[in-house]
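What follows is a set of notes on a single structure, which appears directly below.
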Amino acid sequence: MTGHDERVDPASTRTEPADEAADATDWSLPDCPVCGRPVWVVTVNGPSDAIASPCGCSVPPGSLERR
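If you're matching positions, the sequence shown starts at 54 in my numbering and goes up one per residue.
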């Protein structure tokens, strides 16, 4: 704090991505190995049972891990 009123108008500020190279072409959602739809979340219910969401397919845990 410098003692000066240094308020910034949020509308006048511009933000940039931290990594310009990180765009939608650098990543994508994995496809379900059963139905092929994009998978957002995998819920692991046990050592050999998992459910892919939002499709609801039963998939082996770890089958959607990136290499």
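The beta-carbon is built from N, C-alpha and C at its ideal position, and this holds for glycine as well.
Within 7 Å, strictly: CB atoms of residue i and residue j
i	j	result
Pro86	Val112	yes
Pro83	Val97	no
Buried versus exposed, by CB contacts within 10 Å (16 or more), residue i
i	result
Val94	exposed
Residue i - containing beta strand (DSSP E), residue span
i	result
Gly99	94-99
Asp102	102-106
Coil, strand or helix - residue i by DSSP
i	result
Pro91	strand
Ser111	strand
Among the options, the one whose alpha carbon lies nearest that of residue i
i	options	result
Gly89	Arg119, Cys108, Trp80	Cys108
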